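If you want it as structure tokens, here you go:
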């Protein structure tokens with residue numbers, strides 16, 4: 032595959048449920064994470080669910096960061112999708128691991144891009 | 032894993048580059064795709080890049096849909112993340128395959144949720 036983007040798919044488990052239910056805190060920390068990744072924030076959109084949970088996306092010049100939280104399970108599902116070579120999504124992963132007080136993480140590191148076989152053209 | 036969400040990771044190849052560079056068309060089609068999936072749209076955010084390319088995210092009551100396009104390669108990287116049991120993300124996948132005039136697709140179908148081992152608590 033001709034790599035155009037890196038996509039970290041992250042599950043944070045055993046997190047602090049208060050933080051996972053605080054939209055303003057999550058938004059603030061995701062913007063800090065974007066900076067640590069070396070990405071440029073273009074826009075963001077977050078939503079507070081009732082009775083609990085937060086969803087959000089940060090649009091980057093280099094793709095996006097998204098989050099969905101289940102405070103009742105201490106669980107956050109995150110995606111760090113970055114294109115180009117200057118970003119390091121693991122910097123954001125490590126920062127948010129600390130912020131969320133995560134006790135266990137699962138990470139999948141996917142390559143996004145073009146197939147080696149271009150015969151579909 | 033205790034499933035909380037379905038995450039389709041989709042690469043569309045050989046697409047119509049004009050469509051992939053048309054923000055308003057992409058936004059409109061992603062909102063239709065959300066409806067076909069059976070999801071409820073909460074908000075959306077799209078961005079047009081210069082000289083080309085569109086990024087966007089649709090925040091759903093059931094998680095999100097995101098897109099990043101490279102018109103110069105006829106390539107769109109998409110994510111359909113839905114939680115709950117009432118949504119069928121493949122309906123959105125199939126709809127957008129037709130809309131983008133994709134000639135080749137690659138799909139990864141991931142489960143998002145809690146680990147079987149809860150000893151981290």
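Residue numbers (my numbering), protein chains in the order written: chain A, 32 to 152; chain B, 32 to 152.
Ideal Cβ positions, reconstructed from N, Cα and C, are used throughout, including at glycine.
This structure is a prediction, so every number in the text was calculated from the model and none was measured.
Pick from the options: whose alpha carbon is nearest that of residue i?
i	options	result
residue 136 of chain B	B/117, B/110, B/150	B/110
residue 128 of chain B	B/69, B/93, B/97, B/44	B/44
residue 117 of chain B	B/56, B/67, B/49	B/67
residue 62 of chain A	A/150, A/124, A/101, A/141	A/124
residue 134 of chain B	B/106, B/149, B/55, B/141	B/106
residue 102 of chain B	B/85, B/113, B/114	B/85
residue 122 of chain B	B/79, B/142, B/65, B/80	B/65
Establish whether the CB of residue i and some CB of chain A are separated by less than 8 Å.
i	result
residue 51 of chain B	no
residue 141 of chain B	yes
residue 103 of chain B	no
residue 29 of chain B	Nothing can be reported for residue 29 of chain B, as the shown portion of chain B is limited to 32 through 152.
residue 78 of chain B	yes
Do residue j and residue i come within 8 Å of each other at the CB atom, strictly closer than that value?
i	j	result
residue 94 of chain B	residue 144 of chain B	no
residue 120 of chain A	residue 32 of chain A	no
residue 77 of chain B	residue 58 of chain B	yes
residue 132 of chain B	residue 52 of chain B	no
residue 88 of chain B	residue 90 of chain A	yes
residue 73 of chain A	residue 139 of chain A	no
residue 130 of chain A	residue 34 of chain A	no
Note the first and the last residue of the continuous beta strand (DSSP E) segment covering residue i.
i	result
residue 113 of chain B	106-114
residue 139 of chain A	135-145
residue 76 of chain B	72-79
residue 58 of chain B	Note, residue 58 of chain B: premise wrong, no beta strand (DSSP E); alpha helix (DSSP H) at 54-68.
Is any beta-carbon of chain B found at less than 8 Å from that of residue i?
i	result
residue 115 of chain A	no
residue 60 of chain A	no
Kindly indicate the opening and closing residues of the alpha helix (DSSP H) around residue i.
i	result
residue 128 of chain A	120-131
residue 117 of chain A	Unbroken run through residue 117 of chain A: none, as it is neither H nor E.
Please list, in chain order, the chain B residues whose beta carbon lies closer than 9 Å to that of residue i.
i	result
residue 99 of chain A	35, 36, 94, 95, 112, 114, 143
residue 40 of chain A	38, 40, 141, 143
Which chain B residues are close to residue i, counting only those with a beta carbon under 8 Å from its beta carbon?
i	result
residue 132 of chain A	The contacting residues do not exist; residue 132 of chain A stays about 12 Å from chain B at best.
List the residues of chain B that residue i touches, going by C-beta distances under 7 Å, in chain order.
i	result
residue 86 of chain A	90, 94, 95
Cβ of residue i versus every heavy atom of the ligand FAD: is any distance shorter than 7 Å?
i	result
residue 131 of chain A	By its list of ligands, the structure shown contains no ligand whatsoever, and the ligand FAD lies outside what it can speak to.
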